[in-house]
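With the numbering used here applied, the sequence shown covers 128 to 430.
By construction, the Cβ of each residue, glycine as well, lies at the ideal position given by its N, Cα and C atoms.
The block underneath contains the structure these notes are about, expressed in structure tokens.
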Amino acid sequence: MPEQWSTTTTTFLRGPGSLGICLAVAYLLIHSGMILLASRRPQSSARILLTNLLLGACFVVLLLGASPDWQEAAGLRFLRLWAPVIFFWWAYKWAGHTLQLFYPSDFSLDPLLIRLENRWLGQPSLWWARNGSPWLTELLHGFYVSYYLYTPALGAYLYTQGRLREFEAMVFAVMLGYALGYSLSALIPVWGPRWGLVAAGLLESSEQKLQGYWVTRFIDAIMYGGIAHKGAAMPSMHSSTAVVFLFWCSRLWGFEGGLLAGIIVVGMGVGSVYGRYHYVIDVVCGAALGALSVWIADRLILG
128 MPEQWSTTTT TFLRGPGSLG ICLAVAYLLI HSGMILLASR RPQSSARILL TNLLLGACFV
188 VLLLGASPDW QEAAGLRFLR LWAPVIFFWW AYKWAGHTLQ LFYPSDFSLD PLLIRLENRW
248 LGQPSLWWAR NGSPWLTELL HGFYVSYYLY TPALGAYLYT QGRLREFEAM VFAVMLGYAL
308 GYSLSALIPV WGPRWGLVAA GLLESSEQKL QGYWVTRFID AIMYGGIAHK GAAMPSMHSS
368 TAVVFLFWCS RLWGFEGGLL AGIIVVGMGV GSVYGRYHYV IDVVCGAALG ALSVWIADRL
428 ILG
């Protein structure tokens, strides 16, 4: 029986997308555990827990359909590889349920980060945009919004090329950054400069939104009227995903690919501070999280 159990478990974990599915289930367990352990549970906690249970059951069904030789039906293989990616994009919104479970809604670590950033760097998240222009704002917002293309573009390329193990390693690194980032955000509440600087009396509320054009308006719609969370700035998951993107562009296309990706990633990082969405320390911590995620994914999937 122990040998049969070991063989069955190994079969599950060798199938396409198995580790990504396991990561999704693990995050659902973490999310549910936070809800259960919280001193102030949301009123909809029963619905949240039931949703987590149903999603977890769906992922377990997918896991049980593993084929270690990767020769299963193309549609099932596509679902197993891409479903965890789609789940973690959606889970950003779902993570909002955990942001105020352990701290009051008016509590954040922004005052500490503001003091540290002022001492070490002269408060770039406050001053950079004041020295900018609408066209510079538009350019840096263009770099910032490029984040939404990193994983779909690389994933589509690797998948259509039939490089499925590499696809799995790349997206697992991205998703691991999300899983850890979503969990840490609930324990390390940081609003971000556009809120924290106003609360500290260093920025007028009229300066929260920068002057730009259509890309800037698109970002404003997300940040002020869309899905963006107030309290989930640390660590920057834009930065963790960007490091995965940079690494894989370098791996796939050498120096030229890494150079082009580096320009995009640096522009995105500068844009996140310029736009007052992140402190510099958020970006650094997010980048470190991305590097760690790549290291773990490589060892688990590529050997």
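Asked	Found
C-beta contact flag for F229 and A283 at 8 angstroms	no
Assigned exposure category for S252 - 16 Cβ within 10 Å defines buried	buried
Residues sharing a beta bridge with V317, DSSP	A359
Proximal residues to G319 (C-beta, below 8 angstroms), its chain only, five neighbours per side dropped	D237, K357, A360, R403, Y404, H405, Y406 and D409
Identity of the residue in G381, N245 and F205 nearest R290 by Cα	F205
Where T135 falls: helix, strand or coil (DSSP)	Per-residue confidence for T135 stands at a pLDDT of 41, beneath the threshold of 50, marking its modelled position as unreliable; the derived number appears in the next sentence. Of the three classes helix, strand and coil, the one that applies to T135 here is helix, per DSSP.
Rounded C-alpha distance that separates V187 from R426	23 angstroms
Continuous alpha helix (DSSP H) stretch holding F186: start and end	S172 to L191
Secondary structure, alpha helix (DSSP H): runs of 4+ residues fully inside the stretch 249-284	251-254 and 261-272
Contact check, L337 vs L330, beta carbons under 8 angstroms	no
Integer Cβ distance of L155 from L182, believed to fall under 8 angstroms	6 angstroms
Alpha-carbon spacing of G144 relative to M161, whole angstroms	26 angstroms
Stretch-stretch touch, CB-based, cutoff 8 angstroms, three pairs: the stretch 393-402 with the stretch 254-271	yes
Rounded separation between A222 and G430 - CA only	31 angstroms
Straight-line gap, W217 to A151 (C-alpha atoms, nearest Å)	11 angstroms
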